[in-house]
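Heads up: the sequence shown begins at 1343 in this note's numbering, then just goes up one per residue. Beta carbons are placed, not taken as given, at the ideal position from N, Cα and C, and that holds for glycine. Computed from a predicted structure; not experimentally measured. In what follows, a single structure is set out as structure tokens and then discussed.
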Amino acid sequence: LVGLTGLIKSGNGQVVSIIGEAGLGKSRLLDELQNEWLKTSPESIWDIAQGIPYDMGRPYSLFQNMARRTFNVELTDSPEVIHSKVDGILRALGGSEEEISLCSVAVEKIIAAKILHDAPDHPPEAIKRDLFEFVAPAFISESRTGPTIIVFDDLQWSDDASMELIIHLLDFVGDIPVMILCAFRPDPQSPAQRLREAAQSRFAERYTEIVLKPLGLDHTNELITELLQIRDFPAEARDLVLRKAEGNPYFVEEVVRWFVDQGMVRQTTDGLEWDETSDIANATIPDSLQSLLMARMDRLDGEARDTLQLASVIGRAFYHSVLGKISDSTLELDRQLATLEHQELIQEEMRQPELQYVFKHELARDAAYNSILRRRRRALHLQVAEAMESIFQGDLEANAHRLGYHFSEAGDHDRAMKYFEMATDVAAGLDARSEAETHLRNAIAAATNLNASESKVSVLKNRLSELIATRS
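What follows is the structure in structure tokens.
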């Protein structure tokens, strides 16, 4: 990877895929590369977008925050302010008045779905065309000011529209100092497979694929030594880790943490040391990552564990404002979040346009969510949905897919149908037909669960038939 960054500094654009199963170190590799990249090239640029499971229904979700950063747009900006900011930066990039006008509409629709209603003269097909023709170059225009790496992480959770645009971006990676770096799991059914196939067939001369595999015994041993730095670490304990981890570095880290939590490894003034009274022969290390994470969460104090569970209902990534709305005390919340960060279960992801945290691993989020009783989950989903409805009332369209999901999980099928229909309109307005079809199917399911009138269900089904015919 470092060698490839040297190529882009000399003006040779690159496309790179990092592929590996959960826990094999994709995100860690990205973190290390970012540190090296910014340390050795202070003038360089690193931009990142991350796929999130519950945003797979939001067209161009991977580009939404990227667009907000590129055009300095805040969540609270009015349509007029958004237009002014976008227009100003597009003019600085150059282009004809017509190009700037068309590009502006397309960018604003990605940033704020509420603007969909303000451009009646721009049909969805035209907006998509303008997005690909004029906006795509703007996303890599940063390379004009310095070598640029654009990262798309967790692409197995990309929405279809984002994936189509990412593949289109590859056409611009030639003799410019930019790398498009993608990380994803090797699932042949995931949207990321389309990117992989396109890169291999159309951009082979500048495409590099790095496939992460489980660590061998020597490397696993090296990782254990590096993490613990204990000279007299018992061979029996080391063998136990090697046997349980099966080369998964995330599992190794969690087992090492388990030793510390169990008191088998102690912190001293000279560093870590093994407690010789520990009975490793009868130690029962959990057999899976999920079990290890559950055991660690069980050792949290009650308030921290409750906070983690609340956050898990919101999703892999969660806004501080939404969590605060459903928590008892904001002051206590900040203390609990600090505890969870210290425990390396979550981390702050961004402060702008709004403070957002993310679970360090999807498995941690799953473990926290699965520890909640089903009846309580429904109540919490309702709280999350109503909190989001209140906080984002100025731009409900942009969050309609999430609201539909949470109200559906809460069993509030009336509001679920309402927001899935809204999400359908948003997707259709961006000519994102796959996402529109998904939301419409969800709206039909909600209407059926609601025992809605036959005429209402018929209207939804007729619209679905039209969408399917149009896609064909």
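Candidates the options, of which the one nearest residue i by Cα
i	options	result
GLU1615	GLU1547, LEU1745 and THR1567	THR1567
TYR1592	LYS1702, GLU1439 and ASP1737	LYS1702
ASP1529	THR1550, PHE1494, ASP1603 and GLU1363	GLU1363
THR1412	ASP1517, ASP1767, MET1730 and ILE1482	ILE1482
LEU1565	GLU1595, SER1446 and ILE1627	GLU1595
LEU1343	GLN1498, CYS1524 and ARG1580	CYS1524
HIS1748	ARG1719, GLU1450, MET1692 and GLN1735	ARG1719
VAL1357	MET1636, ARG1757, LEU1375 and ASP1513	ASP1513
ALA1448	LYS1470, LEU1435, SER1438 and GLU1439	LYS1470
HIS1684	VAL1655, ARG1693 and LEU1642	LEU1642
SER1383	ASP1670, SER1352 and GLU1439	SER1352
GLN1376	VAL1493, ALA1434 and LEU1432	VAL1493
ASP1767	PHE1476, HIS1561, THR1812 and GLU1739	GLU1739
LEU1682	THR1812, LYS1381 and ASP1640	ASP1640
GLN1651	GLU1618, ASP1617, ARG1716 and ILE1627	ARG1716
Cut-off 6 Å between Cβ atoms - residues of its own chain near residue i, not counting five sequence neighbours on either side
i	result
VAL1553	ILE1361
ASP1496	GLN1392 and GLY1393
THR1649	GLN1678
SER1620	MET1606
TYR1402	ILE1452, ALA1503 and SER1504
LYS1667	ALA1729
Cβ shell of residue i (< 8 Å), same chain only, five flanking positions each side left out
i	result
GLU1674	GLU1645
PHE1660	ALA1653, GLN1698, TYR1699 and VAL1700
ARG1370	PRO1591
PHE1405	ALA1391, ILE1452, PHE1481, SER1504 and LEU1507
GLY1367	LEU1554, PRO1591 and TYR1592
Helix, strand or coil at residue i [DSSP, three-state]
i	result
ALA1785	helix
ARG1527	coil
GLY1399	coil
VAL1515	coil
ILE1469	helix
ILE1492	strand
LEU1557	coil
GLY1345	helix
ILE1714	coil
PHE1762	helix
LEU1458	The predicted model places LEU1458 with a pLDDT of 49, which falls under 50 and marks its position as unreliable; any figure quoted below should be read in that light. Residue state, collapsed to three classes: helix.
ALA1740	helix
ALA1774	coil
ASP1389	strand
THR1626	coil
THR1487	coil
Cα-Cα separation between residue i and residue j, rounded to whole angstroms
i	j	result
GLN1725	ILE1491	39 Å
GLN1698	GLY1430	27 Å
LEU1473	ALA1710	39 Å
PHE1601	HIS1662	32 Å
LEU1458	ASN1741	With a pLDDT of 49 at LEU1458, under the threshold of 50, the modelled position of that residue is not reliable, and no figure is offered here.
LYS1586	ARG1775	45 Å
GLU1751	ALA1769	21 Å
THR1550	ILE1442	35 Å
PHE1575	GLY1488	47 Å
ASN1712	GLY1657	12 Å
LEU1311	ARG1599	Since the first residue of the chain shown is 1343 and the last is 1814, residue 1311 is not available in this structure.
ALA1680	GLN1689	9 Å
LEU1349	GLY1558	30 Å
GLU1788	TYR1761	Note that residue 1788 is Ala in the sequence shown, not Glu. Roughly 10 Å separates the two Cα atoms.
THR1611	ARG1707	34 Å
ASP1670	VAL1664	12 Å
Short Cβ contact (9 Å threshold) for residue i with residue j
i	j	result
TYR1396	HIS1755	no
LEU1792	MET1764	no
LEU1745	GLU1779	no
LEU1722	ILE1714	yes
GLU1588	ILE1622	no
ARG1647	ASP1603	no
ALA1478	LEU1444	no
PRO1533	ASP1773	no
LEU1537	PHE1526	yes
ASP1501	GLU1777	yes
ALA1541	SER1359	yes
GLY1436	HIS1781	no
SER1727	ARG1693	Correcting the residue type first, residue 1727 is Ala in the shown sequence and not Ser. Not a contact, by the Cβ cut-off of 9 Å.
GLU1450	ILE1424	yes
Nonlocal neighbours in the same chain, by C-beta distance under 7 Å from residue i, ignoring five residues either side
i	result
VAL1583	ILE1566, VAL1594 and VAL1597
GLY1516	GLY1355
ASN1414	LYS1427
ILE1786	VAL1799, LEU1802, LYS1803 and LEU1806
GLU1547	none
LEU1631	GLY1365, TYR1592, PHE1593, GLU1596 and LEU1705
MET1408	ASP1389, ALA1391 and PHE1481
TRP1499	GLY1393, ILE1394, PRO1395 and MET1398
9 Å Cβ cutoff, residue i in contact with chain C
i	result
ALA1721	This model lacks chain C altogether, as it is built from one protein chain only.
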